[in-house]
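Before any comments, here is the structure.
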Amino acid sequence: MKDIAVVAYSQSDCLAQAGVANEVELIMPQLRAVYDQVGINNAQDVDFVCSGSCDYLQGAAFAFVAGVDALGAVPPIKESHVEMDAAWALFESILKIRMDQADSALIYGFSKSSPGELPIVLSQQLDPYYLAPLWVDYISLNAMQARMMLDQGLISERDMAEVVARSRNNALANPHALLKGEQTVDDVLAEDTYLSPLRRSDCCPISDGAAAMIICTPQKAKEWGVPYALITGIDHRMETHNLGMRDLTDSVSTRKAAAAAGVANGQIDVAEVYAPFSHQEIILSRALGLTGDTIVNPSGGVLAGNLMMASGLSRVGEVFNRIVAGEAGRGVAHATSGACLQHNLVTVLEAV
Amino acid sequence: MSEQTEMITDIEVPIYLQYNFTAGRAPSKFLSRLKKGELTGQRCPNCANVYIPPRGSCPACGVATEEEVLLSDKATVQSFTIVAIPIPNNPIQPPYVVANLVADGANIAFIHLLSECVNEDVHIGQRVQAVWKPEEEWDYAMDNIRYFKPLDEPDVPVDRIGTVPFEGLPLAWED
């Protein structure tokens, strides 16, 4: 099986409101940045392109097709799209390379989620017969999950506040973060509850932006002459859409994906997990089997800025950046999709 | 509860979602000029094609477009169709003509209506011009132009459609 190298990654600032800019205008600077990192001109110079976005976020049917305007698709290119986070576009691209149909791939994810009411928009990803018609908003569902954790004594509000305080402080070093600051656990606990037991700062912010990545075979990476990190494992698992049938205090799908991706086969120096709510970072750290030796979400994670449909890819990008910078030898990146961590993808990256 | 439950075969679940739509930087400039009765496009710095309405990128080259280009309201028919079927809530009564038009100065077509014409006589290469609404009705909308109507000008050869300059006809090849 072909090894996969990550060779380039770029992410926009997480903006609370990207203003008048459209999706193409958000994507193009990130594409240019990854082209420049490997020294290519445009999407014609890779074998495959795959994007992740969701038309519901901007409220326009086939909005994802407009993203192709950023590519330069003349003459025609091999292109695909997932109506998901771009971490799954990465997964598809890896399959493409492993099936010998490509040696390199460009992946990008983007969203402008500020134009709609995101928590309500996301209610439409629930099952269409029983839950979506109730308009259960995204934050309420996750508050329910946090409540179950607290009631069963699996976490405390202080544990949640520690996640938030660490995110705010870590994000000080992240130029793309939206929310950052020197915040203490007591500062967080002093905040009023928003949707009990969640405080506003337990919830990820709504952000607009885009991210892009280039992956390839190690041989191609050497040809381009750029540093790279290897993806040594990737797997994703999904749980039922029926929330009543799931144990919301655990992430069974993350456990299975982590086992299949080989997370436990070595030390994990750094982990970037896609936890849109503070209590979920704790669920995920446990499911991934992380110990105190692992630095979790040094970027601040998505509590510091959440680019819908790009944040999962960004987790992989953050780990890649730390590995090529020599700050970590082995890391894990996690992406999630759906209500209360329904669908999870785990990627293991290693230094060459 | 009745003894026998009727089988439920469908439910109605209307979806209402509110969005504050934004057009984009390039389309916003286009709409602002349109409100003043001007058609504008953007030129690709790589292949020099002029796009209307501009989206901020050249989809062929994958590069950002910045240069704004003023376009004529005269255009050439690139392709067309005669619509014979009424569309619900559309006030326009069939049969009517919808055409891909290339404005003079642009290289890529946009869609608009043709009227004041004999539908059966509409043809590719035909020259047309915009019929604007009264100025006081102009808004940020393409229907500031009610429709395009035929011009008494020679046809543009098929292989030259999309190359007519802002100044219009006669073209150099007619010398």
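So the sequences go chain by chain: A and B.
Numbering-wise, this note's numbering puts 109 at position 109 of the first sequence, and it's gapless, one number per residue.
Numbering-wise, this note's numbering puts 1034 at position 34 of the second sequence, and it's gapless, one number per residue.
Every residue gets a Cβ at the ideal spot worked out from N, C-alpha and C, and that includes glycine.
Next item on the list: Look up Q280(A) in the DSSP assignment and say whether it is helix, strand or coil.
Entry: Your numbering for residue 280(A) matches position 280 in the first sequence. Three-state result, Q280(A): helix.
Note to self: To the nearest angstrom, how far is the alpha carbon of C216(A) from that of E327(A)?
What the structure shows: Here the question's residue 216(A) lines up with position 216 in the first sequence. Here the question's residue 327(A) lines up with position 327 in the first sequence. Computed Cα separation, rounded: 22 angstroms.
Next item on the list: Return the residue from the list P119(A), M28(A), D36(A) and S111(A) that minimises the CA-CA distance to D85(A).
Entry: Indexing the first sequence from 1 puts residue 85(A) at position 85. Checked all of P119(A), M28(A), D36(A) and S111(A); the closest Cα to D85(A) is S111(A).
Next item on the list: Could you check what DSSP says for N344(A) in three-state terms: helix, strand or coil?
Entry: Along the first sequence, one-based indexing puts residue 344(A) at 344. Of the three classes helix, strand and coil, the one that applies to N344(A) here is strand, per DSSP.
Next item on the list: Run the CB neighbour count on T291(A), radius 10 Å, all protein chains shown included, and call it buried at 16 or more, exposed below.
Entry: Here residue 291(A) is taken as the residue at index 291 of the first sequence, counted from 1. Under this definition T291(A) is an exposed residue.
Notebook entry, point to check: Which residues of chain A have a Cβ atom closer than 7 angstroms to the Cβ of R1033(B), listed in chain order?
Noted result: Start at 1 with the first residue of the second sequence, and residue 1033(B) comes out as number 33. The premise fails here: R1033(B) is roughly 15 angstroms from chain A at the closest Cβ pair, so nothing lies under 7 angstroms.
Item checked: Supposed contact pair G1024(B) and N174(A) - C-beta distance, whole angstroms, cut 8 angstroms -> Stepping through the first sequence from its first residue, residue 174(A) is reached at position 174. Stepping through the second sequence from its first residue, residue 1024(B) is reached at position 24. Not quite, the Cβ-Cβ distance comes to about 27 angstroms (not below 8 angstroms), so this is no contact.
Notebook entry, point to check: Does the region 332 to 341 of chain A touch the region 129 to 142 of chain A, meaning 3 or more C-beta pairs lie closer than 8 angstroms?
Noted result: yes
Check: With L1034(B) and Y1147(B) assumed to form a contact (beta carbons below 8 angstroms), what rounded beta-carbon distance in angstroms separates them?
Finding: Along the second sequence, one-based indexing puts residue 1034(B) at 34. Along the second sequence, one-based indexing puts residue 1147(B) at 147. Contact doesn't hold; Cβ gap of about 15 angstroms is too wide.
Note to self: Any beta carbon from chain A within less than 8 angstroms of Y1096(B)'s own beta carbon?
What the structure shows: Translated into the one-based positions of the second sequence, residue 1096(B) becomes position 96. Taking Cβ atoms only, chain A never reaches closer than 8 angstroms to Y1096(B), which makes this a no.
Checklist line | For D225(A), the nearest candidate out of V263(A), Q37(A) and Y9(A) (CA to CA) | finding: Here residue 225(A) refers to the residue found at position 225 when the first sequence is read from its first residue. Correcting the residue identity first, residue 225(A) is Gly in this sequence and not Asp. Measuring from the Cα of G225(A), the nearest candidate turns out to be Q37(A).
Margin query: Please confirm whether N22(A) has its beta-carbon closer than 8 angstroms to some beta-carbon of chain B.
Written below: On the first sequence, position 22 is the one that residue 22(A) refers to. So yes, N22(A) belongs to the interface.
Note to self: Distance cutoff 8 angstroms, beta carbons only. Does L1114(B) sit that close to anything in chain A?
What the structure shows: Within the second sequence, the letter at position 114 stands for residue 1114(B). False, the Cβ-Cβ gap to chain A never drops below 8 angstroms.
Next item on the list: Could you tell me if K222(A) is buried or exposed, where buried requires 16 or more neighbouring beta carbons within 10 angstroms of its beta carbon?
Entry: What you label residue 222(A) is simply residue 222 of the first sequence in a count that begins at 1. Its Cβ having fewer than 16 others within 10 Å, K222(A) is exposed.
Margin query: Let me confirm a value: S1123(B) is counted as buried when at least 16 other C-beta atoms fall within 10 Å, else exposed. Which label applies?
Written below: Residue numbering aside, residue 1123(B) sits at position 123 when the second sequence is read from its first letter. Reading off the sequence, residue 1123(B) comes out as His, not Ser. Its Cβ having fewer than 16 others within 10 Å, H1123(B) is exposed.
Next item on the list: Measure the alpha-carbon distance for P1091(B) versus W1138(B) and round it to whole angstroms.
Entry: By one-based count along the second sequence, residue 1091(B) stands at place 91. By one-based count along the second sequence, residue 1138(B) stands at place 138. The straight-line gap from Cα to Cα measures roughly 19 angstroms.
Checklist line | Close-in-space but distant-in-sequence residues of the same chain around V1063(B) (CB under 8 angstroms, 5 per side omitted) | finding: Here residue 1063(B) is taken as the residue at index 63 of the second sequence, counted from 1. Hits under 8 angstroms: C1044, P1045, N1046 and S1057.
Note to self: Please confirm whether P1045(B) has its beta-carbon closer than 8 angstroms to some beta-carbon of chain A.
What the structure shows: Here the question's residue 1045(B) lines up with position 45 in the second sequence. It does not; no Cβ of chain A falls within 8 angstroms.
Note to self: So for Q1078(B), helix, strand or coil by DSSP?
What the structure shows: Within the second sequence, numbered from 1, the residue matching residue 1078(B) stands at position 78. Strand, per DSSP.
Item checked: DSSP-derived helix/strand/coil call for R1127(B) -> Along the second sequence, read from residue 1 onward, the residue named residue 1127(B) stands at position 127. DSSP places R1127(B) in strand when its eight states are reduced to three.
Next item on the list: Give the DSSP-derived three-state secondary structure of S104(A) in the structure shown.
Entry: In the first sequence, the residue the question calls residue 104(A) occupies position 104. In the structure shown, S104(A) sits in a strand (DSSP, three-state: E or B).
Item checked: Beta-carbon proximity check, Y228(A) vs V6(A), cutoff 8 angstroms -> On the first sequence, residue 228(A) is found 228 positions in, with the first residue counted as 1. On the first sequence, residue 6(A) is found 6 positions in, with the first residue counted as 1. Yes, they are a contact pair.
Next item on the list: Could you check the C-alpha separation between R166(A) and E191(A) for me, to the nearest Å?
Entry: Your numbering for residue 166(A) matches position 166 in the first sequence. Your numbering for residue 191(A) matches position 191 in the first sequence. Their backbone Cα atoms lie some 16 angstroms apart in a straight line.
Check: At a Cβ threshold of 8 angstroms, is C1117(B) touching chain A?
Finding: Working through the second sequence from its first residue, we reach residue 1117(B) at position 117. Chain A, which has no Cβ nearer than 8 angstroms to the Cβ of C1117(B), makes this no.
Item checked: Residues sharing a beta bridge with R330(A), DSSP -> By 1-based counting over the first sequence, the position of residue 330(A) is 330. According to DSSP, which records beta bridges pairwise, R330(A) is partnered with E350(A).
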